[in-house]
Structure formats: structure tokens, C-alpha cells
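For the sequence shown, the residue numbers in the numbering used here are 9 to 254. We put the beta carbon where it would ideally sit given N, CA and C, even for glycine. This report concerns only the one structure given below.
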Amino acid sequence: MSRVYLTGAGPGDIELLTLKALRVIKEADVIIYDRLANPDILKEAKNGCEFVYVGKEDGHHIMPQDQINETIYQNALKYNKVVRLKGGDPFVFGRGGEEGAYLKERNIEFEIIPGITSAVSVPAYAGIPVTHRGVAVSFRVVTAHESPNKKESQIPWDNYKTDDTIVFLMGLHNLSKISKKLIGIGKPSNYPCAVISKGTTKDQKVVVGTLGDIVEKAVDMPTPALIIVGEVVNLREQLQWFKGND
Ligand code: SAH
9 MSRVYLTGAG PGDIELLTLK ALRVIKEADV IIYDRLANPD ILKEAKNGCE
59 FVYVGKEDGH HIMPQDQINE TIYQNALKYN KVVRLKGGDP FVFGRGGEEG
109 AYLKERNIEF EIIPGITSAV SVPAYAGIPV THRGVAVSFR VVTAHESPNK
159 KESQIPWDNY KTDDTIVFLM GLHNLSKISK KLIGIGKPSN YPCAVISKGT
209 TKDQKVVVGT LGDIVEKAVD MPTPALIIVG EVVNLREQLQ WFKGND
């Protein structure tokens, strides 16, 4: 009986892989992986393991999701242990739910192996806690990728009037719109904001600014990158610990 492991690869630093993920990677007959999963992880696979790349570039899918679903299914018909390796956590904007549902409909057994999501760990490597006593009591993780075909924004901007920390994934190309919208709902233009690129890796870059100047400051930041908005950003001054490439 074959089994598919919908597995989180963590945010980049290979040591942020879970022991469970490492075990199934070592045992896998085939690994179906994304662009965001650190490719060094694949070196842990056994001899003879097959690799299938179904990469995605920040929402621009090289392979459409329904084709990815079908690829996983076809591999499950062929192999016993199928690892579907995804950046971060498979259920945080990872479409792991769709993949699981597709397999369930076809009576393929699967397991979910959660991963360390970039939404929390990338700010942590930049010395920014997503919550902090007296500063932010909650945080939101938001996708800022919007359908290019839709004129109206799908993001419920009015929900963001609170002081929650907001982490935007897939949003770098929308940074100017995001900062304008947040100022538009009443946040001051000197409200703290940071962009973190290639977080948790040796190429990590962080720029800290405000809603008013972040677009200008983050101009050349490479992807993958996330945006974090909130007073917690100021804590980096005390908590910066990881030396990336800045
Ligand atoms: N499932 C993933 C998120 C997939 S969405 C997770 O749990 O982390 C992809 C987005 O995640 C990217 O566009 C970027 O915003 C963010 N991201 C992933 N890895 C990152 C990294 N190392 N540094 C900065 N942002 C990252």
C-alpha cells in the first residue's frame, strides 16, 4: 500500500527540518519538491530515489496545481513511499489541503508532516518576535498575492486596523499597494515595517523602515521575501542575532 507524506521542508536553514521529515526523506522512493524547499535536503535521500520538480515562483506556477495533484497521485500508483516536499509548512499557503483532498478522493493514504513556517521563523531570524508582551498580542499571516484578473482587492483591508502584527507572504511585488492601503485605513506613515529576503539562510537580507519609506528602501530585495508590519519590528534593535548577508 503506498503512502504520500505531505511534508514541510522548513524555511531554508536545513537544520530547521523536523526529525520526522528527515526520516521520510531518507526512506522515500520518490520526492516531489518545490522551488522553496532547500535543495540540500534532497542529498539526504537514499540511492535510487527519484526526484520530480514541480516548482513555483511566488505564485506564478510552473506547473498548475491540478497537474501537481495528478503528478502526486500518479507517483503514488507507482511507488510505495512518496514524499511531497514543500517550503515551510504544507498547510500555510502551501496548498497541502488541496493535495490531501485529491488523494483522499482516490483512496490514497497520506500523512501530513508539519514544517516550520517562514511566517514565524523568518522574522525570528531577523530578531523580530511576531508577538511580544505589551507590544502585540496577536499576529496575522496574510497572502498578498492577488489574482491579476481581479480589479477589486480580495484582501479585507479594514480588518487590519488593529495593532496585530501582520505578516504578508507572497507580497513583495505588491509592497507599494500594501503600504498605501495600510496608510489608507489609518496607520501612520511612520508605522514600523520590515522586508526580509531569503530568511534563515546565509543570503538573508533585512531592511527595516516605515510604511512611508519601505518601498524605496526595499527596491532590490530578492525573493522569496516576506513583509512584516507592526511595532514588534522595533524589537530587532535589541534582538538581532543572526548574521545573514547584510
Ligand atoms: N508554506 C510556506 C509559504 C508558502 S507561500 C511556509 O509555511 O513558509 C511562499 C511565500 O513564503 C514567499 O512568497 C515568501 O513570502 C515566503 N517565504 C518562504 N520562504 C521564505 C524565506 N526563506 N524568506 C522570506 N520569505 C519566505
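Top-ranked residue by Cα proximity to I239, from K54, E224, T218: Reading the sequence shown from its first residue, position 231 is the one you call residue 239. Note that residue 239 corresponds to Glu in the displayed sequence, not to Ile. Of the candidates K54, E224, T218, the residue whose Cα lies closest to the Cα of E239 is T218.
Per-residue DSSP class, three states only, for K94: For the purposes of this step, residue 94 is identified with residue 86 of the sequence shown, where counting begins at 1. Here K94 sits in strand by DSSP.
Boundaries of the beta strand (DSSP E) in which T173 is found, first to last residue: Locating residue 173 in the sequence shown gives position 165, counting from the first residue. T173 -> beta strand (DSSP E) spans 173-177.
Buried/exposed call for I39, threshold 16 Cβ in 10 Å: Walking along the sequence shown from the start, residue 39 turns up at place 31. The Cβ neighbour count for I39, taken over all protein chains shown within 10 Å, is at least 16; the residue is labelled buried.
Touching by the beta-carbon criterion (3+ pairs, under 8 Å), the stretch 106-113 and the stretch 69-80: Touching, per the Cβ criterion.
DSSP three-state assignment for A144, whether helix, strand or coil: Locating residue 144 in the sequence shown gives position 136, where the first residue counts as 1. Here A144 carries a strand assignment [DSSP, helix/strand/coil].
beta-carbon F101 near the ligand SAH non-hydrogen atom, thresh 8 Å: Within the sequence shown, the letter at position 93 stands for residue 101. Distances taken from the Cβ of F101 to the heavy atoms of the ligand SAH include one shorter than 8 Å.
Buried versus exposed, by CB contacts within 10 Å (16 or more), Q212: Within the sequence shown, numbered from 1, the residue matching residue 212 stands at position 204. Counting every other CB atom within 10 Å of its CB across the protein chains shown gives Q212 a total of 16 or more, marking it as buried.
Buried or exposed (CB count within 10 angstroms, at least 16 for buried), M9: Within the sequence shown, residue 9 is the residue found at index 1, counting from 1. Under this definition M9 is an exposed residue.
Within 9 Å, strictly: CB atoms of I121 and A29: Your numbering for residue 121 matches position 113 in the sequence shown. Your numbering for residue 29 matches position 21 in the sequence shown. Yes, these two residues count as a Cβ contact at 9 Å.
Beta-carbon proximity check, R43 vs G95, cutoff 9 Å: Within the sequence shown, the letter at position 35 stands for residue 43. Within the sequence shown, the letter at position 87 stands for residue 95. Contact flag set, yes.
Whether G179 touches T151 by CB criterion (9 Å): Looking up residue 179 in the sequence shown gives position 171. Looking up residue 151 in the sequence shown gives position 143. Their beta carbons are under 9 Å apart, which means G179 touches T151 by this criterion.
Buried or exposed by the 16-neighbour rule on C-beta atoms within 10 Å, applied to D97: In the sequence shown, the residue the question calls residue 97 occupies position 89. D97 comes out buried.
Counted within 10 angstroms of its Cβ, other Cβ atoms place G206 as buried (16 or more) or exposed: Your numbering for residue 206 matches position 198 in the sequence shown. For the sequence presented, residue 206 should be read as Lys rather than Gly. K206 is classed as buried because its beta carbon has at least 16 other beta carbons within 10 Å across all chains shown.
Ordered list of alpha helix (DSSP H) runs contained in the stretch 154-242, each at least 4 residues: Taking 4 residues as the shortest admissible run, the stretch 154-242 contains the following complete alpha helix (DSSP H) segments, listed from N- to C-terminal end: 183-192, 222-225.
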